[in-house]
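In our numbering, the protein residues as written are 820 to 1103. The C-beta atom is built at its ideal place from N, Cα and C for all residues, glycine as well. Below: one structure, written as structure tokens.
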Ligand code: GUN
């Protein structure tokens, strides 16, 4: 068996096209959707991510602002910037790129973002809404994964799903979304004993660990759907995921590549969340 390769680039382009229409509609009504992205420090990967986010906004006709600050920015100055953006009528979405430098309490910063502008969906009130089945903003990466499963017509109701990685950004909200859609979900982590026992029982495996080649063919059930959220660089400096793609594609039913899988979907869903935030602001 050779797995179907799920094309995240193509699906993301379709979603961005829809976002562009909605943004044009809002702009014509005097409410151009606006996203502010804050980056503190000079982490090279974060710099690439935020630039891609801002470029995607511009391309879809959204207003975007990238604020970059040195790594010694104080927590108080960052909180002040967030508070100013909370009341800026041109800004409908605020994203503070994580991780933040260690002297800044990222929880404090995220909780300072107005929940209705929290397009990452990380604020506790948005996490709570997601947990109780009434999400306002779904975190972009898990939201993108759900869109991929939907586009591939993967049955979720009654499926056995295993999520590897329990972060607030990916693993936990991913599990919530799958569970709300009717899957039986197990969240595994770096300490899970006999990880392969769990993954071999799964119809859907979502891997978000940051460890290259963590999942190989021996750990995957024939025909399973394997979603790779990892973005790593191998010894040759080439981008790779957390899944041993060449091995797993011989047993899986469908698999996402890295690059070209989940990554583009994360950005597309950020645009969706920003347009939704602007649409809600228009209705207020
Ligand atoms: N760092 C890695 N992924 C993300 C994300 O989706 N949002 C933010 N704000 N920071 C991140």
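Rounding to the nearest angstrom, what Cα-Cα distance links residue 917 and residue 1065 in this structure? 31 Å
Going by Cα to Cα distance, which pick from 1055, 910 and 1049 is closest to residue 1061? 1049
Taking residue 990 as part of the alpha helix (DSSP H), name the residues at either end of that continuous run. 990-999
Ordered along the chain, which non-local residues of its own chain (more than five positions away) have a Cβ less than 7 Å from that of residue 1099? 935
Less than 8 Å between the beta carbons of residue 1014 and residue 1004, yes or no? no
What are the residues that DSSP puts in a beta bridge with residue 823? 1073
Can you name, in chain order, every residue of its own chain whose Cβ lies under 6 Å from the Cβ of residue 1063, other than the five neighbours on each side? 1032 and 1035
Residues near residue 981 by beta carbon distance below 7 Å, same chain, minus five either side: 1005, 1007, 1017, 1018, 1021 and 1024
What does a CB cutoff of less than 7 Å around residue 990 pick up in its chain, not counting 5 residues either side in sequence? Result list for residue 990: 982, 984, 1006 and 1027, in chain order.
Hey, would you say the C-beta of residue 939 is under 7 Å away from at least one heavy atom of ligand 1? yes
Can you give me the Cβ contacts of residue 1040 inside the same chain, cut-off strictly under 6 Å, excluding the 5 residues immediately before and after it? 1019.
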